[in-house]
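Undergrad:
Residue numbers (this note's numbering): -6 to 97.
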């Protein structure tokens, strides 16, 4: 009977030792996961900072493009106005020449 209890206790101690090893491995796994989570959090913060900077740069670029588009439209309109004045000057010149030729 003593031997049976001794064997049973040894078996129980072995199971407890195995459970302790499993818990230790589980703890190591949890620590690794915690480290990965902290790394992911830090990387996410870095990425958010980069995205904020990118958003600011895109806003500045969009504003610059809008200003240049307006400038290009103004240049186009002023160029068209210039050609209209040239046409008017040529037509006035032709009318004056016709008047001079017609009066002679």
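Think of the CB as a built atom: it goes at the ideal place given N, C-alpha and C, for glycine as much as any other residue.
Quick one: what does DSSP say residue 97 is sitting in, helix, strand or coil?
TA: Here residue 97 sits in coil by DSSP.
Undergrad: Looking only at its own chain, which residues have a Cβ that is under 7 Å from the Cβ of residue 48, when we skip the five neighbours before and after it?
TA: The answer is none, since no qualifying residue turns up.
Undergrad: Whole angstroms is fine: what's the gap from residue 12's alpha carbon to residue 33's?
TA: C-alpha separation (whole angstroms): 31 Å.
Undergrad: Going straight from the alpha carbon of residue 21 to that of residue 9, what length do you get?
TA: Each residue's Cα considered, the two are about 18 Å apart.
Undergrad: Work out the CA separation of residue 69 and residue 51 for me, nearest whole Å.
TA: Distance between the alpha carbons of residue 51 and residue 69: 26 Å.
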